[in-house]
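Single-structure report; data block below.
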DNA sequence: CTCACCTCGGTAATCGATTACATGGAGCCG
DNA sequence: CGGCTCCATGTAATCGATTACCGAGGTGAG
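Residue numbers (the numbering used here), protein chains in the order written: chain A, 1 to 336; chain B, 1001 to 1336.
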């Protein structure tokens, strides 16, 4: 069980450790026969190298850390998967952490990543203000890109969609469907997305003359359970609005379930919209109208920015807002 | 941007690096005033330590690697989340890799993890035979636990549910509902789960006198898209069976969608069952009858086994099969 | 008073790979 | 044939933290 080191390979191939290193990495020319000999020895002994030692010497780990609020949310999983894919092509690994929507845990994860000497960090910060200190500290130590959510006052890149505009798409669509009143179900957690979606909602519903009762703006968390509960509250409290706009698909799926449980028909009695376009939003009863986020592209841009930051020319922080698009399904479509 | 090292702290606090190390880690007694002085210096300089150097010296990374076939599948995400939670309590980090259901990529990930000197590995191997060599090699280098799926012939622990018995639960339930014929939609990929579920199906349907036409055993992959396609095939090819048994929930969700698209009512025209009990299986149209897997417990057991393997007493490999349970929902329940 | 022992701190070896620098030999030119 | 360049290889310093080992000073028992 004791590990094979470069010395063992060197001894076996009757060369120096320097030669083994050069033969295997190709960093400098080594004669063909020696390369062959070293390869054979390494193979025979089952040499795997010690990435830790290598990382220490090169001060490069070929690893980037990613911190997301939750890995149970399919939106983040697909973001993670896309990021992993993009990184792989650049020969890098992904070190994934979940902050479980807890700024304290998030700060701890960031500390770990910095201590582990990852080459860079991709993060979707949990909280608009409570995450700031930790993110700023990390950004000061190494290249960092924020995705989806962001904290202000930190000198770093950001990639995401234009949340504000996305609510315009939803509002336009609902107005076209004749909606005059709407409720909004979102998360209590104050982060950039949540805030932009709320301010987008206010702006665009005002523009279109859709009334949003302040008592029908319900804040909980990004989960199916909260959606279910919020729907129950809306049903219990008073006249239903024409539409229930949800800040993400999980909430919307919960709302659909809550409506069904309360005997309310969607889209007959009320329209429901989500946000993210997770795979399951197409399979709910009824399928969900939602805003599509191009995660693949978000991840690719984030990785590109990181790579660039790793290179020599630093460049100023960029803010890339990609265009969202509306996916219309049965939850807002009576089929007329 | 250049990092603060232990030497900087030592110089600043006017002590040796040994003392700094001891003061911060508490490995050996250091006088209170010196500890205080070192703390202050470290704080003031923003010292974060170098986990790489520490790992090299201690040959311990406090990190375990986890390799799963897909992180888009909610079953694996919840397994990952539970594992992360369990590890955190033991002061360890999770290094997550996706093998994307590709044995080649899986082998590569394992090599990386071993090179990175993780303390142990939790893996759900992609393939019953093609994964064997890589898994065996990794298990030879460090503690390894297989979860859910496994390869045989490797001397390692395993934790999962009893797949064979699970199909007994399903078959019993369907027989009770008067099912006489059934189709089975699964994955082509030969891994232990897939095989055990198929053999379980054969055994238990035979026992109960349920007929399964060989032409109605359809093999594709674990995805919604394949489920949809398989349903279309079943509809096109001939008389529908009484029930469609699916090897996982994603396939079942696809089958539901395919049935709806083909105008077939579930559960009125055909019953459908899934496997895994992912969160969305409760929200489909209709909600899905499925087998619940106790992922939390699977992950906890896996972590426990790893911890034990890290300790001194090695102990023989254990095989822990947890009991599955059936969750009955509308997709097999006409409400009569 | 002496010796054994204990506490706290420093010095330097160590983990394993990479790489700056040194070296020996081959080839080439004048 | 001397001296120069170039190539393949070896020697040893290096990355930063931990820890085996050593020593100085203090304490208590005999």
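Just so it is clear, CB atoms sit at the ideal spot from N, CA and C, and this is done for glycine as well.
Query	Result
8 angstroms is my cut-off, CB to CB: does residue 1017(B) come that close to chain A?	no
At the 8 angstroms Cβ level, is residue 293(A) part of the contact set with chain B, yes or no?	no
Check whether the segment 78-97 of chain A and the segment 128-138 of chain A are in contact - that is, three or more C-beta pairs closer than 8 angstroms.	no
Along the segment 240-266 of chain A, where does the CB come closer than 8 angstroms to a CB of chain B? Name the residues.	253, 256 and 257
In this structure, does DSSP put residue 146(A) in helix, strand or coil?	strand
Can you list, in chain order, the residues of its chain whose CB lies under 6 angstroms from that of residue 294(A), leaving out five sequence neighbours each side?	322
Just verifying my parser: in three-state terms, what is the DSSP assignment at residue 70(A)?	coil
CA-CA distance, residue 1096(B) and residue 60(A)?	19 angstroms
From the DSSP output, which residues share a beta bridge with residue 1185(B)?	1218(B) and 1246(B)
Verify whether the separation of the beta carbon atoms of residue 126(A) and residue 147(A) is less than 8 angstroms.	no
Which whole runs of the alpha helix (DSSP H) in the segment 1014-1055 of chain B are 4 residues long or more, in chain order?	1017-1025 and 1032-1045
Report, in whole angstroms, the separation of the C-beta atoms of residue 1331(B) and residue 1287(B), which I expect to be a contact under 8 angstroms.	7 angstroms
By how many angstroms is the C-alpha of residue 1191(B) removed from the C-alpha of residue 243(A)?	46 angstroms
In this structure, how does DSSP classify residue 293(A) when only helix, strand and coil are distinguished?	coil
According to DSSP, is residue 281(A) helix, strand or coil?	helix
What distance in whole Å lies between the Cβ atoms of residue 225(A) and residue 256(A), which are believed to be in contact at a cut-off of 8 angstroms?	That pair is no contact at about 13 angstroms.
Against residue 227(A), what residues of chain B qualify as contacts under a CB-to-CB distance less than 8 angstroms, listed in chain order?	Result: empty, since nearest Cβ-Cβ is about 10 angstroms, beyond 8 angstroms.
Would you call the CB atoms of residue 1317(B) and residue 1199(B) closer than 8 angstroms?	no
For the structure I just gave you, are there three or more beta carbon pairs, one from the segment 245-252 of chain A and one from the segment 211-231 of chain A, closer than 8 angstroms?	yes
Residue 93(A) lies in the beta strand (DSSP E); which residues open and close that run?	93-98
I'd like to know whether the C-beta atoms of residue 320(A) and residue 301(A) end up nearer to each other than 8 angstroms.	yes
Report yes or no: do the segment 2-15 of chain A and the segment 34-46 of chain A share at least 3 C-beta pairs separated by less than 8 angstroms?	yes
Could you tell me whether the Cβ of residue 95(A) comes closer than 8 angstroms to any Cβ of chain B?	yes
What's the C-alpha gap between residue 337(A) and residue 163(A)?	As shown, chain A starts at 1 and ends at 336. That puts residue 337(A) outside it, with no answer to give.
Distance check for residue 1178(B) and residue 1172(B), CA to CA, integer angstroms please.	10 angstroms
Beta strand (DSSP E) containing residue 326(A): first to last residue?	325-327
Could you tell me how far apart the beta carbons of residue 160(A) and residue 298(A) are, in whole angstroms, since I believe they sit closer than 8 angstroms?	6 angstroms
Should residue 1089(B) be labelled buried (16 or more other beta-carbon atoms within 10 Å of its own) or exposed?	exposed
Within 10 angstroms of its Cβ, does residue 176(A) collect 16 or more other Cβ (buried), or is it exposed?	exposed
Please check the pair residue 7(A) and residue 19(A), which I expect to be a contact at CB under 8 angstroms, by giving their CB distance rounded to whole angstroms.	That belief does not hold up - the Cβ atoms of residue 7(A) and residue 19(A) are roughly 12 angstroms apart, past 8 angstroms.
Distance cutoff 8 angstroms, beta carbons only. Does residue 187(A) sit that close to anything in chain B?	no
Ignore the nearest five residues each way along the sequence and tell me which others in residue 1093(B)'s own chain have a CB closer than 6 angstroms to its CB.	1063
Per DSSP, residue 1319(B) is paired with what?	1158(B)
Which bits of chain B does residue 112(A) rub up against, with CB to CB less than 7 angstroms?	1093
Do the CB positions of residue 309(A) and residue 120(A) come within less than 8 angstroms of each other?	yes
Return the first residue and the last residue of the alpha helix (DSSP H) that residue 4(A) is part of.	Premise fails: residue 4(A) is in no alpha helix (DSSP H) and is neither H nor E.
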